[in-house]
Amino acid sequence: MFITLTLIIIGNVRCQQQLMNTKTAAGSISSPSTAKPIKTTKNIRRVTFPDITKLYSIGKSVQGRELWVISVTSHNSSTDPDTDLKPNVKYVANMHANEAIGREMVLHLLAHLVNHSNKSTNVKNLLRHTRIHLMPSMNPDGFEKAIEGKCQSGPGRHNAANVDLNRNFPDRFFKSNVAEQPETAAIRKWIHEKQFALSLNIHGGALVVNYPFDGSQNHSESHIEKSPDHDTFVHLALALAKRHPKLRQKVQCIQEEWFENGITNGNAWYPIRGSMQDYNYINGGCMELTFEISCCKYPPKSELVSFWNDNKIPLLTFLTEVHKGVKGRIYDSNTEHRIANANITILGREMTFHSDSNGRFWRILLPGDYVLVVKANGYQTLQKQFTVSEHKITVINVYMAPIVRHSRSHNLQQQKYLIKKGQNYDELLMGQSAALTMVKNGTNSQQRIQLQIVPLIMLVWAILTIVNKNC
């Protein structure tokens, strides 16, 4: 039985593109151009690996087409410790619908994941530890107008209301006079509901990996606009570029347009306002990059296999990057209830992200020493030191003290409880400047108090000496 994912997801009957040649026996997915659409999502769920996939819509386009997403993950046992802290990653394609190659690569990736879910150890591990959400087309209305073979321009870039969706998100500096589109609103709601840690926005028309920021306060000037996580974004961009043969070989779509190492800062390339990439990072706490994968925006379907060969490894490898850095849970130290929507920053990286509705958080970081700063209404601000290693994500549980006055005996009980949980009581109550001093000087709480008392004693001794001399 043929599974016409392209037809169902995109919401049209123009299935020119094909997935790679895959077996059509039970347990495989194929989407040939001659196949007929399946009418119900129930049938899709039944045939397309219901144990690891779920088809859902995040909203509708201007013309009422569903904005389909397929999630892919293995459903671990409830006792598996990896289940609770499994991060969400998303791939979004076809935002500019005349750039059609991205949606096909997403469908190829879907076919690869499900067809190898019981064959490949790497895919098994990926699905066990990751929730992957694939959106083949963010702009299904625009795709209805797009024309195969149109490489540099052509209809379909904008949505049905003639709005460029990659200029339609709230901007950190400028307010847009264009109404928010239903596709934009659906993406924003999705971002805040799912708490994504990593994201890729797939485009065509160039060969480069673009990272934040896309815009700056001086909109007319092209320069590198660094984000607080600039080092991490450069690492993520290189993780894609180094594994893409054309980017690695420095293939240029335009002679005058050359990108060092196949990557670029968005604002340094050309500044834009209202990009989805910047919105994800600033407002959603999600590290999103833009992957431009073809010189031709809408290449002929005969080239799909070649494109998949170029993009298979980069797309698979990028998914694994979400398992670097830190993840954990935030608790009330009295009740052990989890704290939702806590404000979290990494000291020295002033970009806030949040715990989700279950008190969980994720942040991609390079190896090094960091301080986690956590704030929540009704709780003492908490700072906790941690270390990120090269090959293993750091997991930490944070216990926050409610803002209430306690007796000395209660504080002693609280301290004993936190020590039992493996958390230093000083970490619970220290101020930001004190934590930073600890990180810089490598001193513990007792040493810090001693260092503060010694100068005070010396000052008193000096004053007494002067007084005695005068007498």
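Numbering (numbering that gives the first Met the number 0), first residue to last: 0 to 470.
Note that CB positions come from ideal geometry on N, CA and C, so glycine has one too.
Distance, Cα to Cα, residue i vs residue j?
i	j	result
Thr52	His111	13 Å
Ser116	Asp50	11 Å
Ile471	Leu133	A question about residue 471 goes unanswered here, because the residues of the chain that appear run from 0 up to 470.
Gln379	Leu346	17 Å
Ala341	Gly324	19 Å
Gln62	Ser354	35 Å
His243	Asp309	6 Å
Ile69	Asn200	16 Å
Ser73	Gly58	25 Å
Val250	Val207	10 Å
Asn396	Asp81	14 Å
Ser30	Asn158	With a pLDDT of 41 at Ser30, under the threshold of 50, the predicted position of this residue should be treated as unreliable, though the coordinate-derived value follows. Roughly 25 Å separates the two Cα atoms.
Ala375	Ile338	8 Å
Lys383	Gly141	48 Å
Gln276	Val177	18 Å
Asp83	Cys295	42 Å
Glu259	Leu237	10 Å
Ser119	Tyr280	32 Å
Gly155	His95	7 Å
Leu66	Asn333	43 Å
Trp307	Met104	6 Å
Met137	Val403	48 Å
His322	Asn97	33 Å
Thr289	Asp213	10 Å
Asn165	Trp268	15 Å
His234	Pro139	32 Å
Gly367	Glu302	43 Å
Cys150	Ala400	58 Å
Ser219	Ala205	22 Å
Asp228	Tyr278	15 Å
DSSP state of residue i, grouped into three classes?
i	result
Trp361	strand
Pro139	helix
Leu346	coil
Ile57	strand
Phe317	helix
Glu256	coil
Phe168	coil
Gly327	strand
Lys383	strand
Asn279	helix
Ser293	strand
Gly63	coil
Val403	coil
Lys311	helix
Ala375	coil
Val250	coil
Thr52	strand
Ser70	strand
Ala196	strand
Asp368	strand
His202	strand
Val162	coil
Leu288	strand
Ser152	coil
Val177	coil
How would you label residue i, buried or exposed, when you count the other beta carbons within 10 angstroms and need 16 or more for buried?
i	result
Gly358	buried
His145	Residue identity differs from the one stated: residue 145 is Ala in this sequence, not His. Ala145 is buried by the Cβ-count criterion.
Gln194	buried
Ile223	exposed
Thr386	exposed
Asp170	buried
Ile253	exposed
Asn161	exposed
Gln180	buried
Pro211	buried
Ile392	buried
Arg471	The structure shown does not extend to residue 471, since the chain is modelled only from 0 through 470, so no value can be given for it.
Tyr398	buried
Pro298	buried
Arg102	buried
Glu320	buried
Assuming residue i is part of the alpha helix (DSSP H), what are its boundary residues?
i	result
His191	181 to 193
Ala238	229 to 240
Is any beta-carbon of chain B found at less than 8 Å from that of residue i?
i	result
Thr380	You won't find chain B in this structure, because it holds only one protein chain.
Which residues mark the beginning and the end of the beta strand (DSSP E) in which residue i is found?
i	result
Asp355	Looking at the DSSP string, Asp355 is not in any beta strand (DSSP E), and its letter there is neither H nor E.
Asn475	Only positions 0 to 470 of the chain appear in the structure, and residue 475 is not among them; the question remains open.
Thr263	262 to 264
*asked:* My parser needs the alpha helix (DSSP H) runs of 4 or more residues fully inside the segment 89 to 150; what are they?
replied: If only uninterrupted alpha helix (DSSP H) runs of at least 4 residues are considered, those enclosed by the segment 89 to 150 are 100 to 114, 120 to 128, 139 to 144.
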